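**Q**
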Amino acid sequence: MVVPESQEKIYHPPPDLQRDAHVPDFSSYLEMYKKSLENPEAFWKEVADEFFWKKPATGPMLQYNFDVTKGNIFVKCMEGAKTNMCYNVLDRHVKEGNLGEKVAYYWEGNSPEHHKTITYGQVLSHTCRCANVLKQLGVKKGDRVSIYLPMIPELVYTMLACARIGAVHSVVFAGFSSESLCERIMDAQSSVLVTADGVYRGDKLINLKQISDEALEKCREKGSSSVTKCLVIKHHVLRTKTGTSCNKLQTSWDSDRDVWWDEAMSDSSEECEPEWLDAEDPLFILYTSGSTGKPKGVVHTVAGYLLYTFLTFKCVFDHQPHDVYWCTADIGWITGHSYITYGPLANGASSVLFEGIPVHPHVGRFWEIIEKYRVTKFYTAPTAIRLLMKYGQEPLQKYDLSSLRILGSVGEPINPEAWQWYYEEVGQGRCPVVDTFWQTETGGHVLTPLPAATPLKPGSATFPFFGVEPTILNEHGEEVEGEAEGYLVFRKPWPGIMRTVYENHERFENIYFKKFPGFYVTGDGGRRDKDGYFWITGRIDDMLNVSGHLLSTAEVEAALTLHPDVSEAAVVSRPHKVKGECLYCFVTLKDRREFDKKMVEELKKMVREKIGPIATPDFIQNAPALPKTRSGKIMRRILRQVARNERDLGDLSTLSDPKVVEVLFSQRSEAAT
Ligand code: WTA
Numbered sequence: 006m007v008v009p010e011s012q013e014k015i016y017h018p019p020p021d022l023q024r025d026a027h028v029p030d031f032s033s034y035l036e037m038y039k040k041s042l043e044n045p046e047a048f049w050k051e052v053a054d055e056f057f058w059k060k061p062a063t064g065p066m067l068q069y070n071f072d073v074t075k076g077n078i079f080v081k082c083m084e085g086a087k088t089n090m091c092y093n094v095l096d097r098h099v100k101e102g103n104l105g106e107k108v109a110y111y112w113e114g115n116s117p118e119h120h121k122t123i124t125y126g127q128v129l130s131h132t133c134r135c136a137n138v139l140k141q142l143g144v145k146k147g148d149r150v151s152i153y154l155p156m157i158p159e160l161v162y163t164m165l166a167c168a169r170i171g172a173v174h175s176v177v178f179a180g181f182s183s184e185s186l187c188e189r190i191m192d193a194q195s196s197v198l199v200t201a202d203g204v205y206r207g208d209k210l211i212n213l214k215q216i217s218d219e220a221l222e223k224c225r226e227k228g229s230s231s232v233t234k235c236l237v238i239k240h241h242v243l244r245t246k247t248g249t250s251c252n253k254l255q256t257s258w259d260s261d262r263d264v265w266w267d268e269a270m271s272d273s274s275e276e277c278e279p280e281w282l283d284a285e286d287p288l289f290i291l292y293t294s295g296s297t298g299k300p301k302g303v304v305h306t307v308a309g310y311l312l313y314t315f316l317t318f319k320c321v322f323d324h325q326p327h328d329v330y331w332c333t334a335d336i337g338w339i340t341g342h343s344y345i346t347y348g349p350l351a352n353g354a355s356s357v358l359f360e361g362i363p364v365h366p367h368v369g370r371f372w373e374i375i376e377k378y379r380v381t382k383f384y385t386a387p388t389a390i391r392l393l394m395k396y397g398q399e400p401l402q403k404y405d406l407s408s409l410r411i412l413g414s415v416g417e418p419i420n421p422e423a424w425q426w427y428y429e430e431v432g433q434g435r436c437p438v439v440d441t442f443w444q445t446e447t448g449g450h451v452l453t454p455l456p457a458a459t460p461l462k463p464g465s466a467t468f469p470f471f472g473v474e475p476t477i478l479n480e481h482g483e484e485v486e487g488e489a490e491g492y493l494v495f496r497k498p499w500p501g502i503m504r505t506v507y508e509n510h511e512r513f514e515n516i517y518f519k520k521f522p523g524f525y526v527t528g529d530g531g532r533r534d535k536d537g538y539f540w541i542t543g544r545i546d547d548m549l550n551v552s553g554h555l556l557s558t559a560e561v562e563a564a565l566t567l568h569p570d571v572s573e574a575a576v577v578s579r580p581h582k583v584k585g586e587c588l589y590c591f592v593t594l595k596d597r598r599e600f601d602k603k604m605v606e607e608l609k610k611m612v613r614e615k616i617g618p619i620a621t622p623d624f625i626q627n628a629p630a631l632p633k634t635r636s637g638k639i640m641r642r643i644l645r646q647v648a649r650n651e652r653d654l655g656d657l658s659t660l661s662d663p664k665v666v667e668v669l670f671s672q673r674s675e676a677a678t
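Read in order, the letters of the sequence shown correspond to residues 6 to 678 in my numbering.
#1: What do you get for E667, buried or exposed, if any count of 16 or more other CB atoms within 10 angstroms of its CB means buried?
#2: Residues in the same chain with beta-carbon distance under 8 Å from A424, minus the five sequence neighbours each way, listed in chain order, please.
#3: Regarding V304 and ligand 1, is the C-beta to nearest heavy atom distance less than 8 Å?
#4: Report, in whole angstroms, the separation of the C-beta atoms of P18 and P456, which I expect to be a contact under 8 Å.
#5: Ligand 1 and I15: does the residue's C-beta get closer than 8 Å to at least one heavy atom of that ligand?
#6: Do G341 and Y507 count as a contact pair if the criterion is CB distance below 9 Å?
#7: Can you grab the Cα-Cα spacing for the pair L104 / H131, in whole Å?
#8: In this structure, how does DSSP classify G528 when only helix, strand and coil are distinguished?
#9: So, are the CB atoms of C235 and S260 less than 9 Å apart?
#10: Any heavy atom of ligand 1 inside 8 Å of the beta-carbon of Q444?
#11: Span of the beta strand (DSSP E) holding A489?
#12: Going along the chain, which residues of its own chain have a beta-carbon closer than 6 Å to the beta-carbon of C224, five neighbours each way excluded?
#13: When burial is assigned at 16 or more other CB atoms within 10 Å of the CB, is A201 buried or exposed?
#14: So the beta strand (DSSP E) K301 belongs to, where does it begin and stop?
#15: According to the Cβ coordinates, are S196 and T233 closer than 9 Å?
#16: Kindly list the residues whose CB is nearer than 6 Å to the CB of L350, restricted to its own chain and excluding five residues on each side of it in sequence; keep chain order.
#17: Any idea what DSSP makes of G432, helix, strand or coil?
#18: Give the single residue among V561, C91, G147 whose Cα lies nearest to the Cα of A308.
#19: Distance, Cα to Cα, D529 vs F495?
#20: With 16 other CB atoms within 10 Å as the buried threshold, where does T659 fall?
#21: Mark T445 as exposed unless 16 or more other C-beta atoms lie within 10 angstroms of its C-beta, in which case mark it buried.
#22: For W338, is the beta carbon positioned less than 8 Å from some heavy atom of ligand 1?
#23: So is the beta-carbon of E490 under 8 Å away from any non-hydrogen atom of ligand 1?
#24: Would a C-beta distance cut-off of 9 Å place P287 and V173 closer than the cut-off?
#25: Classify E429: buried if its beta carbon has 16 or more other beta carbons within 10 angstroms, exposed otherwise.
#26: Taking the straight line between their C-alpha atoms, what separation do you get for G126 and A136?
#27: Less than 9 Å between the beta carbons of L588 and F539, yes or no?
#28: Among T558, T88, K395, which has the Cα closest to the Cα of I170?
#29: Name the residue from G543, Q646, Y69, V52 whose alpha carbon lies nearest to the alpha carbon of F591.
#30: Do T558 and R641 have their C-beta atoms closer together than 9 Å?
#31: From which residue to which residue does the beta strand (DSSP E) around W265 run?
#32: Considering only residues of the segment 206-246, which uninterrupted beta strand (DSSP E) runs meet the minimum length of 3 residues and lie entirely inside it, listed in chain order?
#33: Which runs of the beta strand (DSSP E) at least 3 residues long sit entirely within the segment 571-595? Give them in chain order.
#34: Compute the distance between the beta-carbons of P279 and D96, then report whether it is under 9 Å.
#35: In three-state DSSP terms, what is C332?
#36: Is D202 a contact residue of ligand 1, with contact defined as CB to any heavy atom under 8 Å?
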């Protein structure tokens with residue numbers, strides 16, 4: 006890793022940011038990085054000293070096996086220690102740090118008229134009351150609680166309440182369908198579901214309670230009735246809104262099962278002793294798409310995740326006490342878990358918690374919010390940047406963005422054009438852009454610039470975070486040195502890496518560790534340039550990234566083939582101006598059915614219902630037959646080329662019927678959008 010001297014344009018850290026930064030220059034980064042690898046014990050011990058431990062660790066900071074040929078894969082952090090996440094992110098600040106009056110969240114509703122300010126003291130008292138409510142509903146240490154909520158403060162209280170009593174939360178993004186919610190509840194065998202009556206997303210009213218009822222009904226039909234209680238939050242904004250739309254929400258009620266949040270909370274005490282957990286007890290499960298189609302329940306544990314989200318947040322956003330930080334992600338994804346809930350709270354930060362969408366009620370909403378709260382650190386996704394770029398400079402110019410100091414990007418590779426616009430127009434050429442590469446599995450940033458230390462190359466996630474040792478492997482699993490491209494893998498764990506796939510350790514080992522023994526395989530391609538900078542080249546498995554959300558082609562194919570008239574389906578990605586990638590689907594119909602607009606609508610509906618609106622296909626094309634090898638394997642490479650209209654097909658000799666390809670090209674124009 007060197008400071009590059011090349012011809013490319015390099016963006017150096019602004020000197021005023023370097024003055025008080027936690028990692029003030031590149032040589033400090035290199036020194037700390039070296040220490041984190043050479044002496045991880047001392048490095049992580051120093052981080053752990055920031056926190057409260059009911060019982061100190063008896064084992065080393067990190068123990069692991071990453072080599073399947075040597076036995077089971079495991080990672081342990083601070084074995085023997087006892088602590089509580091909730092205590093460390095709330096009580097510690099309120100009781101020991103005098104931050105009770107400090108703002109934890111500026112909540113900004115879907116409509117600009119709705120907002121409120123919540124202090125650390127208030128988060129603590131709501132959380133304790135919620136923890137007592139959960140206990141009342143029968144939740145005990147180790148039980149799972151599914152959470153299906155919009156971006157409201159109660160979502161954070163519920164997560165922290167689970168953490169306080171040692172229950173394991175499983176947050177399900179509130180844009181998922183009832184089918185997806187059911188699948189996740191069943192896999193986790195949750196005993197309680199926490200949801201809300203409904204929420205506005207832009208102009209659209211979403212009836213969350215109804216979706217939850219449907220999900221629970223589906224669980225029952227499939228023979229699983231683990232959920233015995235459903236806690237329902239009355240979203241007051243809906244109730245107090247005048248007009249008719251709120252009355253549309255007819256909340257059905259099962260009086261044996263359903264409990265109103267308000268009623269339960271009003272009788273509940275603010276005193277709740279935290280449950281002292283083992284360092285390696287599970288904190289949460291979060292489902293992410295798996296390439297076989299079945300989502301994986303990624304498990305994170307208490308101590309390692311605390312240390313890692315704390316330190317990455319502190320260094321990557323160079324957190325300072327007077328910052329106002331805003332991450333636009335939804336808490337239903339890992340970005341929200343690590344960088345709206347846990348990382349910022351562990352640092353005692355003040356964050357904006359935003360319920361709405363970037364373009365409601367107008368396309369300047371993000372900029373308006375930055376001005377309103379004087380946001381200093383702003384973290385969003387390339388898909389949002391590309392969307393807002395379309396509206397030009399005008400919406401930006403209406404607002405004062407001079408408070409901004411650092412900009413962040415996450416979720417997918419950021420293309421240079423979007424990077425430039427973000428840097429020049431949003432950051433006014435003043436704010437470093439931290440392009441953070443990581444995954445649900447990694448728990449926190451693993452490749453990322455540090456804003457006052459790292460010279461930036463647009464589009465590169467630059468260098469590893471402390472404790473992280475990336476490398477590039479070729480097809481044979483050999484490490485390639487210097488300038489190289491191949492599989493991006495990690496050689497050893499850091500405290501925040503996932504521990505297992507929920508109730509399926511074998512799947513965990515198979516997915517991440519079997520291909521190249523001794524390494525954690527990310528599933529992403531990576532390139533290292535001559536200066537040692539890392540560039541993510543995209544997924545190398547059958548996953549695709551739509552607007553920063555990972556989807557597996559297999560899960561969309563499974564949804565399409567549920568349609569009674571579809572005999573086969575194959576899904577590939579196609580580049581998309583705003584979403585990064587989009588879904589291009591090929592379907593082979595059974596003889597009885599014509600491929601027409603109605604069919605396309607039915608198929609889109611099928612996918613929306615099965616997975617959720619984020620998976621809605623952009624293109625569906627009729628495929629009288631699919632290109633297959635003689636052994637019957639679909640050649641996706643060819644389908645990708647058809648989707649992109651690239652006619653230079655190369656070698657087709659392995660196809661059992663090469664004529665299929667011409668037919669597919671000829672039917673392209675009929676692909677419905
Ligand atoms: C992609 C999101 C390039 C990558 C935090 C990864 C990125 C997947 C970046 C994980 C980035 C995330 N540059 N690609 N800065 N950040 N990705 O689990 O393909 O939802 O494997 O976690 O997103 O997505 P996940």
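By construction, the Cβ of each residue, glycine as well, lies at the ideal position given by its N, Cα and C atoms. Bear in mind the structure is a predicted one, so any value in this text is a computation, not a measurement.
**A** To lay it out plainly:
#1: Position 662 of the sequence shown, counted from the start, is the residue given in the question as residue 667. Under this definition E667 is an exposed residue.
#2: Taking the first residue of the sequence shown as position 1, residue 424 is located at position 419. Note on residue identity: the sequence assigns Trp, not Ala, to residue 424. Hits under 8 Å: S414, V438, D440, P463, G464.
#3: Position 299 of the sequence shown, counted from the start, is the residue given in the question as residue 304. Flag unset: Cβ of V304 not near ligand 1.
#4: Residue mapping note: residue 18 aligns to position 13 of the sequence shown, counting from 1. Residue mapping note: residue 456 aligns to position 451 of the sequence shown, counting from 1. Indeed they touch by this definition, with Cβ atoms about 6 Å apart.
#5: Walking along the sequence shown from the start, residue 15 turns up at place 10. Ligand 1 has no heavy atom closer than 8 Å to the beta-carbon of I15.
#6: For the purposes of this step, residue 507 is identified with residue 502 of the sequence shown, where counting begins at 1. For the purposes of this step, residue 341 is identified with residue 336 of the sequence shown, where counting begins at 1. Against a cut-off of 9 Å, the Cβ pair of G341 and Y507 comes out as no contact.
#7: Numbered from 1 along the sequence shown, position 99 holds the residue referred to as residue 104. Numbered from 1 along the sequence shown, position 126 holds the residue referred to as residue 131. Their backbone Cα atoms lie some 16 Å apart in a straight line.
#8: What you label residue 528 is simply residue 523 of the sequence shown in a count that begins at 1. G528 carries a strand assignment under DSSP once its states are collapsed to helix, strand and coil.
#9: Taking the first residue of the sequence shown as position 1, residue 235 is located at position 230. Taking the first residue of the sequence shown as position 1, residue 260 is located at position 255. The answer is no: Cβ separation not under 9 Å.
#10: As a first step, residue 444 is located in the sequence shown; it is residue number 439 there, counting from the start. It does: the Cβ of Q444 is within 8 Å (strictly closer) of some heavy atom of ligand 1.
#11: Residue mapping note: residue 489 aligns to position 484 of the sequence shown, counting from 1. Note, A489: beta strand (DSSP E), 489-495.
#12: By one-based count along the sequence shown, residue 224 stands at place 219. Contacts found: C187, I190, M191.
#13: Stepping through the sequence shown from its first residue, residue 201 is reached at position 196. Buried, because 16 or more other Cβ atoms sit within 10 Å of the Cβ of A201.
#14: Mapped onto the sequence shown, residue 301 falls at position 296. Its beta strand (DSSP E) spans residues 301-306.
#15: On the sequence shown, residue 196 is found 191 positions in, with the first residue counted as 1. On the sequence shown, residue 233 is found 228 positions in, with the first residue counted as 1. Yes; because the gap between Cβ atoms is below 9 Å, this pair is in contact.
#16: As a working note, residue 350 is residue 345 in the sequence shown. Contacts found: V94.
#17: Walking along the sequence shown from the start, residue 432 turns up at place 427. Looking at G432 - three-state DSSP - the assignment turns out to be coil, as it is neither helix nor strand.
#18: Your numbering for residue 308 matches position 303 in the sequence shown. When only C-alpha atoms are compared, the closest one is C91.
#19: The count along the sequence shown starts at 1 and reaches residue 529 at position 524. The count along the sequence shown starts at 1 and reaches residue 495 at position 490. A direct Cα-Cα distance of roughly 11 Å separates D529 from F495.
#20: As a working mapping, residue 659 is identified with position 654 in the sequence shown. By the 10 Å Cβ count, T659 comes out exposed.
#21: Translated into the one-based positions of the sequence shown, residue 445 becomes position 440. Per the 10 Å Cβ criterion, buried.
#22: Mapped onto the sequence shown, residue 338 falls at position 333. Yes.
#23: Here residue 490 corresponds to residue number 485 of the sequence shown, with the count starting at 1. Not so, every heavy atom of ligand 1 lies at least 8 Å from the Cβ.
#24: Taking the first residue of the sequence shown as position 1, residue 287 is located at position 282. Taking the first residue of the sequence shown as position 1, residue 173 is located at position 168. In this structure, V173 lies closer than 9 Å to P287 by Cβ.
#25: On the sequence shown, position 424 is the one that residue 429 refers to. Answer is exposed; the Cβ neighbour count stays below 16.
#26: By one-based count along the sequence shown, residue 126 stands at place 121. By one-based count along the sequence shown, residue 136 stands at place 131. Approximately 15 Å between the Cα atoms of the pair.
#27: Taking the sequence shown and counting its residues from 1, the one referred to as residue 588 is at position 583. Taking the sequence shown and counting its residues from 1, the one referred to as residue 539 is at position 534. The answer is no: Cβ separation not under 9 Å.
#28: Numbered from 1 along the sequence shown, position 165 holds the residue referred to as residue 170. Ranking the options by Cα distance to I170, first place goes to T88.
#29: Working through the sequence shown from its first residue, we reach residue 591 at position 586. Checking every option, the nearest Cα to that of F591 belongs to Q646.
#30: Here residue 558 is taken as the residue at index 553 of the sequence shown, counted from 1. Here residue 641 is taken as the residue at index 636 of the sequence shown, counted from 1. It is a contact, given that the beta carbons lie within the stated cut-off.
#31: Position 260 of the sequence shown, counted from the start, is the residue given in the question as residue 265. Unbroken beta strand (DSSP E) run through W265: 263-265.
#32: 209-211, 234-238
#33: 571-581, 585-594
#34: For the purposes of this step, residue 279 is taken as residue 274 along the sequence shown, with counting starting at 1. For the purposes of this step, residue 96 is taken as residue 91 along the sequence shown, with counting starting at 1. The answer is yes: Cβ separation under 9 Å.
#35: Here residue 332 refers to the residue found at position 327 of the sequence shown. Strand, per DSSP.
#36: Residue numbering aside, residue 202 sits at position 197 when the sequence shown is read from its first letter. No, ligand 1 has no heavy atom inside 8 Å of this Cβ.
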